[in-house]
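In my numbering, the protein residues as written are 981 to 1378.
Written out as structure tokens, the structure is:
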């Protein structure tokens, strides 16, 4: 059976994907203040009625007098705006990219003013440190949760609200937009939809095109898992028991491609969860990898909203930079914003072959490949393997 030390190492690694908190115990950043940005009437791309929306955000560093040293850091699928520092001195861990953002770090807050925001339909709706608008929010016209009456969400909606936030801060052009995983997809969306506001982008373990095995199939499977839960009730579960089992399965599906085979083999192999109930002897006998994954996810479900998972997952599967009639090559070739793509050779979600192919199709891109052996989660837990490349990429930004 796996020893406790090894188990805790894997939990810390996996938790990075599921939690807004990183794994470092200390931070050089000062305490962070969470702020709220609101729009009275935001028109969604789906052309449904305009709605009041709000998102949380936080900043690090100081905006200079020219207002040209601003960086937008976008969070990953289950993350939040809390990219660096701590809200309270007693918080157990700093933000998820605290190893990258801060004084003297790759994104140096002695030089740059960094903004990070919660996305619309953020999964962590029940986290008191998160501010977002989504299906779990109250519809002012009915006094009840929107549920599935909330407009269909797209990546363009997400970055459009971010653009309004950035403009409200008096920033006309960002020195950089970057982020891991979904944060990288947001970076590509910025370069496609608002290139005049972006000097450069740095997507980490991310790609500009979502293919069937890159979150399309897994994303839809996760949606199906939630909708098959009897407690989902066509999205109208608020005030009753939430679809916890469906949400649990959705996250299990996500984690399947977020970790590497060598990592799980070295940590778990085929060891049983209970030596007294072996999988070959009992139908309900579990392998340790299954038990550990379930316990990890179940312990964090209380902050997540299932409908928000559906909406955000749908937004990822719908992401397509092409205009009607365009090929992928034509669409990517039109992205001229200087781009540093950072990808992990061991990533099962956005693999090296597709990374090389798409980097060559972008109008102005460099690709840096590293090999963590860990898989997709390395974008949060192995930042020392690529943070210097971000710093080098930024050298010419000011």
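Ideal placement from N, C-alpha and C gives every residue a C-beta, glycine not left out.
Is residue i helix, strand or coil when you go by DSSP?
i            : result
residue 1015 : strand
residue 1249 : coil
residue 1372 : helix
residue 1221 : coil
residue 1141 : helix
residue 1242 : helix
residue 1383 : As shown, the chain starts at 981 and ends at 1378. That puts residue 1383 outside it, with no answer to give.
residue 1359 : helix
residue 1100 : coil
residue 1159 : strand
residue 1063 : coil
residue 1364 : helix
residue 1082 : strand
residue 1350 : strand
residue 1151 : coil
residue 1328 : coil
residue 1203 : helix
residue 1168 : helix
Could you tell me which of the options sits nearest to residue i, measuring between CA atoms?
i            : options                : result
residue 1368 : 1028, 1101, 1088       : 1088
residue 1190 : 1117, 1338, 1325       : 1338
residue 1289 : 1124, 1232, 1362, 1315 : 1232
residue 1168 : 1344, 1371, 1374       : 1344
residue 1028 : 1034, 1093, 1100, 1131 : 1131
residue 1136 : 1292, 1040, 1287, 1081 : 1292
residue 1379 : 1323, 1180, 1175       : Residue 1379 cannot be examined here, being either before or after the span of the chain that is shown, 981 to 1378.
residue 1175 : 1149, 1108, 1199, 1143 : 1143
residue 1101 : 1072, 1321, 1024       : 1024
residue 1009 : 1053, 1067, 1018, 1019 : 1067
residue 1418 : 1146, 1349, 1026, 1309 : Residue 1418 is absent from the model: the chain starts at 981 and stops at 1378.
residue 1047 : 1147, 1113, 1109       : 1147
residue 1332 : 1317, 1315, 1355, 1313 : 1355
residue 1150 : 1042, 1164, 1202       : 1042
residue 1253 : 1270, 1162, 1183       : 1270
residue 1197 : 1108, 1375, 1237       : 1237
residue 1216 : 1117, 1183, 1031       : 1117
Is the beta carbon of residue j closer than 8 Å to that of residue i?
i            : j            : result
residue 1281 : residue 1227 : yes
residue 1059 : residue 1078 : no
residue 1297 : residue 1195 : yes
residue 1380 : residue 1069 : This structure cannot speak to residue 1380, because the chain is shown only from 981 to 1378.
residue 1336 : residue 1328 : no
residue 1140 : residue 1097 : no
residue 1134 : residue 1034 : no
residue 1229 : residue 1205 : yes
residue 1360 : residue 1325 : no
residue 1301 : residue 1311 : yes
residue 1185 : residue 1330 : yes
residue 1265 : residue 1257 : yes
Exposed or buried, what is residue i when buried is set at 16 or more other beta-carbons lying within 10 Å of its beta-carbon?
i            : result
residue 1045 : exposed
residue 1239 : buried
residue 1262 : exposed
residue 1362 : buried
residue 979  : Nothing can be reported for residue 979: it is not among the residues displayed for the chain, which extend from 981 to 1378.
residue 1123 : exposed
residue 1214 : exposed
residue 1358 : buried
residue 1085 : buried
residue 1351 : exposed
residue 1222 : buried
residue 1113 : buried
residue 1121 : exposed
residue 1080 : buried
For chain C, find out if any of its Cβ atoms is closer than 8 Å to the Cβ of residue i; answer yes or no.
i            : result
residue 1243 : No chain C is part of this structure, which consists of one protein chain only.
message: Extract the residue ranges of the alpha helix (DSSP H) inside the region 1280-1321, only unbroken runs of 4 or more that lie entirely within it.
response: Every unbroken stretch of the alpha helix (DSSP H) spanning 4 or more residues and falling wholly within the region 1280-1321 is given here in chain order: 1286-1298, 1308-1313.
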